[in-house]
Every structure is written in structure tokens, then in C-alpha cells.
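Numbered by my numbering, the letters in the sequence shown go through residues 2 to 271 in order.
All residues carry an ideal CB built from backbone N, CA and C; glycine is no exception.
Heads up, the thing below is written out as C-alpha cells.
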Amino acid sequence: MHDRTVFGIDFTSAPRRAKPIRVAAGRRHGAVMRLDGLTALDSLDAFSTWLARPGPWVAGFDLPFGLPRELVEHLGWPTDYAALMAHYAAHDRAAIRDRFAAFCDARPAGAKFAHRACDGPAGASPSMKWVNPPVAWMLHAGVPRLIEAGVTLAGHLAGDETRVALEAYPGLLARELIGRRSYKSDTKAAQTPERLIARKDIVDALEQGRTRLGLRLKLSHAQRDELVADASGDSLDAVLALLQAGWAAEQPRYGWPEGVDPLEGWIAGA
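So this is what it looks like as C-alpha cells:
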């Protein structure tokens with residue numbers, strides 16, 4: 002593990018210069034995760050190029066890797082993971098939205114969406130959700146590129162064993178530290194002092210190792226300032242995903258509990 006770089010990726014399905022994919026790079030030494038740097042990828046092509054970097058590395062990606070089995074079986078889609086992802090990638094977003102909306106419309110209020118087994122423990126949005134947040138589009142944009150890059154999607158699909166991709170969810174770790182307080186917004190008017198204080202509290206807790214992951218984050222003064230100052234929270238989310246990946250890399254089966262459905266997958270640390 003200690004000769005392996007660890008990455009955390011805050012993903013967006015429509016990266017651009019103003020809202021890039023954020024990548025945090027680090028190395029784990031015992032119970033310490035040192036942040037080596039933060040980079041930005043402002044296109045999906047740049048993301049694909051980045052994925053091709055040689056290993057050894059393990060990375061936590063803030064995007065869903067699987068769909069709920071209940072949804073897949075209802076739609077009559079393939080239940081083999083690689084075949085399902087190829088089928089999903091072959092549909093455009095409008096077609097997916099129509100199928101998913103029809104599924105939801107036929108279900109009672111309060112139970113519109115199908116969920117994966119990991120959604121509850123992680124407090125995550127259902128991976129079929131196409132708005133607020135549009136995680137279905139993140140899956141659609143991200144996972145086919147991971148597969149095309151030939152990386153191992155731990156638990157789902159074997160690939161290059163020196164490049165390992167894990168599903169991360171920064172919100173899970175953030176909630177452990179500050180509860181339901183909001184710490185980020187892309188809207189200027191909502192970038193409040195309260196959210197700044199919440200980011201500072203998260204960074205302080207990570208540096209002190211106050212999480213059940215048992216890892217302490219090591220930062221320079223400049224890195225700390227950068228994480229607290231980024232009002233979008235994207236840099237901090239990349240670092241939270243980094244810590245989840247660093248923890249999972251040392252666990253049996255990358256932290257997947259026994260009996261997880263490989264079609265649905267699991268979120269690191271859930």
C-alpha cells in the first residue's frame with residue numbers, strides 16, 4: 002500500500018473550466034494520509050487521459066458504479082455487470098430519463114426510486130436519480146470511461162490490478178464530522194460564513210483523525226487554506242474521497258461486506 006499513490010476524485014458529468022473534476026493525490030503512511038496535491042480536469046477527455054496513468058494506484062471516485070437490481074430487472078436490462086454498463090452507455094440521457102421517469106411514475110409517493118443496498122447505510126441518493134443531484138448522469142459519463150481505461154472496478158469487474166477504482170461518497174464522511182450542516186455551494190449568494198466555518202471544522206477534524214476510518218490527514222498551511230477557501234467544496238470532497246480510498250485499500254475486499262450484490266456495488270466506508 003505504501004508504494005501506491007491514492008487518489009480521491011470529485012466527479013462531475015459535465016466538467017468545464019469553471020467546474021472541473023477535482024483530483025486529490027496522496028500517500029498513506031500508517032495512520033497518516035499526506036495530501037501531495039490537487040489538480041483539475043476540465044473535460045471528460047482529460048479525465049480519460051488521466052485514468053490511463055500507470056499504476057500502482059487506488060482511487061475513490063465520487064460517482065455511483067452500479068444501478069439498483071430492482072430497477073434493472075424491472076426494465077429487463079442485462080444483469081451481468083459489464084453487459085449492463087455497455088447497455089446503459091448505449092442509451093442517450095433523454096431515453097434513460099424517460100425509462101426512469103416511467104418507473105417512478107408507476108410507484109407510490111415516498112417510494113418513487115429504487116435503491117441499492119448501500120444507499121441507506123451511506124445516506125446516498127439513489128443512483129437512478131437524474132436531478133438534484135444528477136448521479137445517473139455521473140454514472141453514465143464516468144463508469145464507461147473507467148471500463149474503457151481497463152482499470153479494476155473492485156467487486157464489479159477485473160482489469161489492471163495496479164489501477165483500482167472504488168466508489169466513494171464524501172458526504173458520508175462529512176456527515177460523520179459535522180452532522181447535517183451544509184459546507185458548500187456553487188451559488189455565490191449561498192457561500193456564507195457558516196459554510197466556511199463548517200469546512201474549517203471538517204478540515205480540523207480530518208487533521209486530528211477524528212473519524213472512524215482511523216486516518217489523520219497531513220496538510221501544509223497552504224493546502225489547509227485552499228481547502229477551507231474553496232466555497233464550492235469540490236477540493237474538500239476530493240480529499241474526503243481520498244481518505245475513503247486510503248482506508249478501503251487496507252481492508253479485506255476493499256471494505257465490501259460479505260454478500261454484496263456485484264451488480265449494485267458498495268460505497269467505501271458505508
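For residue i, I'd like the list of residues in its chain whose CB is within less than 7 Å of its CB, leaving aside the five on either flank, ordered along the chain.
i	result
Q192	S186 and A232
W257	G156 and W267
M86	V144, P145 and I148
D161	G56, G151, V152 and T153
Just to confirm my understanding: we take residue i, look at its own chain, exclude 5 residues before and 5 after, and list those with CB closer than 6 Å. What are they?
i	result
A95	none
G61	G9, L167, A169, A242, Q245, A246 and A269
V165	V59, T153 and A155
L39	A25 and S236
E208	L218
Buried or exposed for residue i, please, with buried defined as at least 16 other CB atoms from any protein chain shown within 10 angstroms of its CB.
i	result
K277	With the chain running from 2 to 271 in the structure shown, residue 277 is simply not present.
A102	exposed
A19	exposed
R17	exposed
T13	buried
A91	exposed
H141	buried
Under the three-state reduction of DSSP, which class applies to residue i: helix, strand or coil?
i	result
G56	coil
F8	strand
F66	coil
K201	helix
T50	helix
E208	helix
A32	coil
A41	strand
K20	strand
V144	helix
A26	strand
L85	helix
R217	strand
E162	strand
V152	strand
G234	coil
E195	helix
Taking residue i as the reference, give the member of the options with the closest Cα.
i	options	result
R181	E195, G67, A110 and R23	E195
L178	T153, R17, D205 and P65	D205
T212	H75, A271 and R23	A271
V240	Q252, A250 and K219	K219
I97	L158, L264, L237 and L76	L76
A199	S221, G172, L158 and A84	G172
Y184	P135, H116, G210 and D238	D238
A83	G215, L197, D202 and A159	A159
A227	C105, V136 and K201	According to the sequence as given, residue 227 is Glu; it is not Ala. Nearest option by C-alpha distance: K201.
Report, in whole angstroms, the separation of the C-beta atoms of residue i and residue j, which I expect to be a contact under 8 Å.
i	j	result
L68	S128	6 Å
P21	A41	4 Å
L36	Q224	5 Å
L264	R70	5 Å
Would residue i pass as an interface residue toward chain C - the criterion being a Cβ-Cβ separation below 7 Å?
i	result
R94	Of the chains in the structure shown, none is chain C; there is only one protein chain.
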